[in-house]
Structure formats: structure tokens, C-alpha cells
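Colleague:
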Amino acid sequence: DVKVTQSSRYLVKRTGEKVFLECVQDMDHENMFWYRQDPGLGLRLIYFSYDVKMKEKGDIPEGYSVSREKKERFSLILESASTNQTSMYLCASSVRRDRAQPQHFGDGTRLSIL
Amino acid sequence: AQSVTQPDIHITVSEGASLELRCNYSYGATPYLFWYVQSPGQGLQLLLKYFSGDTLVQGIKGFEAEFKRSQSSFNLRKPSVHWSDAAEYFCAVGVGGSYIPTFGRGTSLIVHP
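As you go down the protein sequences, you meet chains A and B in turn.
Residue numbering for the first sequence follows our numbering, starting at 35 and increasing by one per position.
Residue numbering for the second sequence follows our numbering, starting at 1017 and increasing by one per position.
1. Can you give the Cα-Cα distance for B/Q1018 and B/Y1048, rounded to whole angstroms?
2. With 16 other CB atoms within 10 Å as the buried threshold, where does A/N118 fall?
3. Applying the 10 Å Cβ sphere with the 16-neighbour rule, what's the burial state of B/I1126?
4. Taking DSSP as the reference, what is the three-state secondary structure of A/K37?
5. Leaving out the 5 sequence neighbours to the left and right, which residues in its chain are closer than 7 Å to A/T120 when beta-carbon positions are compared?
6. Would you kindly check if the distance between the Cβ of B/G1078 and the Cβ of A/R133 is under 9 Å?
7. Quick one: is A/V58 near chain B, going by C-beta distance under 9 Å?
8. Quick check on A/G182: buried or exposed, where buried means 16 or more other Cβ atoms within 10 Å of its Cβ?
9. For the stretch 62–122 of chain A, list the beta strand (DSSP E) runs that are entirely contained and at least 3 residues long, ordered along the chain.
10. Which partner residues does B/W1051 have in the DSSP bridge list?
11. Under a Cβ-count criterion, where at least 16 other Cβ atoms within 10 Å of its own Cβ denotes burial, should A/A115 be classed as buried or exposed?
12. Quick check on the DSSP output: the beta strand (DSSP E) that includes A/L33 runs from which residue to which?
13. Assign A/R102 to buried or exposed, taking buried as 16 or more other Cβ atoms, counted over all protein chains shown, within 10 Å of its Cβ.
14. B/T1071: which of B/Q1061, B/G1059, B/L1062 and B/K1084 sits nearest, CA to CA?
15. Could one say the Cβ of A/R23 lies closer than 9 Å to chain B's Cβ atoms, at least one of them?
16. In whole angstroms, what is the alpha-carbon distance linking A/L45 and A/I80?
17. Consult DSSP for B/Q986 and reduce its assignment to one of helix, strand or coil.
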């Protein structure tokens, strides 16, 4: 089975800190995604990557950046954390085909910015 | 651009009752369709998918879904709900030329004993 592992289940940081969320997948998937999930808003795509060192902005990239130096690892960076970035963050991966494929999700990181 | 609508924000059913969660999509061609479940504090897990072929799709945990092209729908069903089915359910659609699925906003299922 595909396993997507997010480094932290819960994280508490302070306003202005630089925050790193790490995600690792073990099935050699080309695509990786970062979403944030907020009540009533569903999943919103922050960034995705379809290959090493490649990244594309999603629907809400402001205040975030990403890094994909290795195929299995996709990092989300909050350059200067703010309270409105308190949320549940989900990482996902999928194989790359000509259409969206089933995604495999990590268990999420619940991030609180104080 | 494609879109996905899950009309019901919350659904409450009694344990043992049947369940149908609605999903409607907007897309000109035949899409790829997915249902995911998210248990409290967890990530999303794929329940089932439709790519082509038989329009009635069987999934895990006793769920099934039916693709109806004429209604642009992909409703999720289960004949008898268990208390452990209480969760958030997401419908998603994938279209040609894009790696990125579009998700509905989710339906929260509450199961009464």
C-alpha cells in the first residue's frame, strides 16, 4: 500500500516564524500536492508538483512556498506564519497520467499559529 | 472549468438505514470520478472510482456509486449504515489534460444509534 507520511500530526508555532511541513511518499509517485482544509471550505490546493524541482501554484499560494528536491519528498514552507494560516494541512500523491488519478493522502498536520 | 457540487452539507441517518450522498459535476466530456472518506483526525481515503465501463461501481467498506451521464451525477450509496461510517465524504472529478482533481466541499455524515 502507498504510504504518505507527514512529519507532524500537531504543530504549534508563533506569528512570524518560518514553518516547515514535510511530506514523504514511498511509491515513486510523480505528483505531489499540498492542500489546506478549513470547515465549510473543503480542500483548497496550495501547490502541487509533477516532478522533481517542478512546482505549480494552486488556488491559494499566497504566503506559502514549496520545495521538491527529491521525488519522494515535498515540503511546504510558511515564510512568515500568520494566524490566518491556522488550519489542517494535507499532503497527497498520485501517479502521473493524462488525467487526475486517485490520490493517496497523509493523515494531516493540524497547525496552530499563535 | 469543471465543478463539483455536493448539495448536502450534513446528512443524519439512523444506524442500519440506507444512505445516499449526492454529487453533481459540470464537465463537457466523461470525467474521472472519485469518492473519498475522511474519518475524524485522518486524511482522505479513496472509497471508489469511475473511469469507464460499468456505471455501477463497487468500493470498499460496502459502498457503491452510480454514474449517470444524463444527470451529471455520481451518487454514493450504502444499503445499511454502521456507526463507524460517521465521517466526512468528498466527491471529486478529474478531467482530461489536468493532473489536479476538483473536490466538492464535502458532506458530513452523522449516524444516530
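All C-beta atoms in this analysis are idealised placements derived from N, C-alpha and C, irrespective of residue type, glycine included.
Note that the coordinates shown come from a computational prediction; the quantities given were computed from them, not determined experimentally.
Modeller: In brief:
1. 11 Å
2. exposed
3. exposed
4. coil
5. L145, S146 and I147
6. no
7. no
8. Lying before the first or after the last residue shown, residue 182 of chain A is absent from chain A, which here runs from 35 to 148.
9. 65–72, 76–83, 98–104 and 107–112
10. B/L1064 and B/C1107
11. buried
12. Here chain A has residues from 35 to 148 only, and residue 33 of chain A is not among them.
13. buried
14. B/K1084
15. Absent from the structure is residue 23 of chain A, since the part of chain A shown begins at 35 and ends at 148.
16. 19 Å
17. Examination of residue 986 of chain B is not possible in this model, given that chain B is present from 1017 through 1129 alone.
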